[in-house]
Every structure is written in structure tokens, then in C-alpha cells.
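Counted the way our numbering counts, the sequence shown spans residues 52 to 268. Idealized CB from N, CA, C, for every residue including glycine. From a predicted model like this one, the values you see are computed outputs, not experimental measurements.
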Amino acid sequence: MKLARPSAVIFDWDNTLVDTWPVIHDSMNTTLEKMGHSLWSIEETKARVRRSLREAFPDLFGDQWEIARDVFYERFRKIHLERLEVLQGAESLLKGLYAKKIYLGVVSNKSGENLRREADYLEWTQYFGEVVGAMDAEKDKPAIEPVLMALSGSKFAPGPDVWFVGDTKIDMECAYNSGCFPVLVRNNPPDSGEFGDFMPKMHFSGCDALATLASTL
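Written out as C-alpha cells, the structure is:
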């Protein structure tokens, strides 16, 4: 399938451009222990952490969710920059698209404050028109609102010429909800039935594979 050059590309952040599972797992288990819950394995963390904190924590911790939120963020802020790891090919991908004058944005369910701190730390903020995290828009991913915010610094509207690049079902759902072109970037191809009505249109094994294609656009 030959892809046309996109007008804009919106990226998920965690585990699409950077590896943050160890940080999320540590912060989550610190919170679970403090709140008297059983700890999760890393596999459970990867399977269960999808929604933004403001949507997931009330279900998990009930009326104590705001206490749990504060515990999570205290631990997260303490460790996230020192453990931040760039995924292979991510910076080359961003540089390549930026050099082609393709508008870039981020939509993540990580808190906007922490997200932008990481982008600044990596000196990647220069590549993005908007970096949108949880709580920045009226609703979080997979709603369309953060996509609209991510594109607000451009002349583009959500549509098939805007790629939404991510590693999970919620990213593909967000692409469908906003009418963008869903691109899955992760090592494993989609499993049968894994994505339901939100199947990715394209799959790449990593940022380096997508960067190779992007260089030909």
C-alpha cells in the first residue's frame, strides 16, 4: 500500500516514542501498596494502564482516588526523567518529518505537565506544534477533543490526511473517533480481533521502520 504524504502526524507518547513502562509500573505499584491493594506484575500494568488517570483511578480506588492520584504523581515526578528512554528510531523519525515541514503534534493520556517536562528534557518540543496531555482538553483520549487541541496550532483539521500514530487500541480508537488515519507502531502485529472496530490501517514494527517509509514520502 503506497501512502500519500500526510498533512500532519499526531503521536502518542508513552511506548510510541519513549519507553516509560518501568516508570509507570514503579509508580503504579507504589500507589497500589500505599492504598492497600495487591501489586501488579509488569504484564498486568501493560494490560491495564490505558485510560487517563482521571478516568481510571475512580474505578480503581473509589472515593479515595484523589489521594491515590497524589501518591502516583509524587512518585512519578521523582523518577520519570532519570529513567526516560527514547525508543529506537524515534528522534530520527521526528527530525525527518519535521524537515519535510509536516506538522507534528502529541496526544497522550499522561498528565500534560509531566508530558511537556519530558518533551523539554529531550529537547523535542521544537518539533511539535502542540503537546497535549491528560486534563488539557475537556476530555481525554480516545475523545476527539485532544486531537482538535493538538491541531489548533496548524491550519489542518482531523481527516484521513492526518496520521494518528500509537501503540495501543485506545490510540487506534482515537484515530477513528477523530477521522484520522490510524497507524500502529509496535513490535507485534495486530492479533486477530484485538482491535475490534478500530483496526489500524498500517502497522510498523518500530519508529525506525516508520522513519524509513517517511523518508520516501
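Quick one, which of the options has its alpha-carbon nearest residue i's?
i: Asp248; options: Glu224, Val198 and Asn238; result: Glu224
i: Pro251; options: Pro240, Glu106 and Leu235; result: Leu235
i: Arg56; options: Leu148, Arg167 and Asp187; result: Leu148
i: Arg128; options: Phe108, Tyr172 and Ser143; result: Tyr172
i: Asn165; options: His131, Phe179, Asp191 and Val157; result: His131
i: Met79; options: Gly244, Asp121 and Gly210; result: Asp121
i: Asp77; options: Glu106, Pro209, Leu135 and Ala185; result: Leu135
i: Asp218; options: Lys97, Val74, Ala59 and His88; result: Lys97
i: Met186; options: Ser162, Arg167, Ala201 and Leu54; result: Ser162
i: Val69; options: Pro109, Val157 and Glu117; result: Val157
i: Val305; options: Met200, Pro109, Glu117 and Cys231; result: Look at the range of the chain in this structure, 52 to 268, and you will see that residue 305 is not part of it.
i: Tyr154; options: Ala59, Leu54 and Glu133; result: Ala59
i: Arg237; options: Trp175, Lys152, Ala141 and Glu174; result: Ala141
i: Glu95; options: Glu245, Glu133 and Ile75; result: Ile75
Going straight from the alpha carbon of residue i to that of residue j, what length do you get?
i: Ser256; j: Leu264; result: 12 Å
i: Val198; j: Ser229; result: 7 Å
i: Asp63; j: Glu181; result: 12 Å
i: Thr82; j: Ile195; result: 30 Å
i: Ser103; j: Phe179; result: 21 Å
i: Val137; j: Ile93; result: 19 Å
i: Pro240; j: Met253; result: 10 Å
i: Leu143; j: Ile221; result: First, the amino acid is wrong: residue 143 is Ser here, not Leu. If I take the Cα positions, the gap works out to 25 Å.
i: Ala150; j: Asn66; result: 23 Å
i: Gly210; j: Ala226; result: 9 Å
i: Val213; j: Glu189; result: 21 Å
i: Phe123; j: Gly184; result: 16 Å
i: Ala260; j: Ile61; result: 17 Å
i: Glu125; j: Ile118; result: 11 Å
i: Lys206; j: Lys146; result: 21 Å
i: Lys85; j: Pro109; result: 16 Å
i: Leu269; j: Arg105; result: Residue 269 lies beyond the residue range present for the chain, which begins at 52 and ends at 268; the question has no answer from this structure.
i: Trp175; j: Ala107; result: 28 Å
i: Pro73; j: Arg101; result: 15 Å
i: Trp116; j: Glu245; result: 29 Å
i: Ala208; j: Ala262; result: 24 Å
i: Ser54; j: Pro233; result: Sequence inspection shows Leu at residue 54; the Ser mentioned does not correspond to that position. When rounded, the distance between both Cα atoms is 12 Å.
Given that a residue counts as buried once 16 or more other Cβ atoms are within 10 Å of its Cβ, and exposed if not, what is residue i?
i: Thr71; result: buried
i: Arg99; result: exposed
i: Asp114; result: exposed
i: Asn160; result: buried
i: Lys192; result: buried
i: Leu90; result: exposed
i: Ser203; result: exposed
i: Ser243; result: exposed
i: Glu169; result: buried
i: Gly87; result: exposed
i: Leu268; result: exposed
Taking the DSSP output, what are the residues bridged to residue i?
i: Val182; result: Val157
i: Ala59; result: Tyr154 and Val213
How many whole angstroms separate the CB atoms of residue i and residue j, which I take to be in contact at a CB cut-off of 8 Å?
i: Cys258; j: Gln139; result: 7 Å
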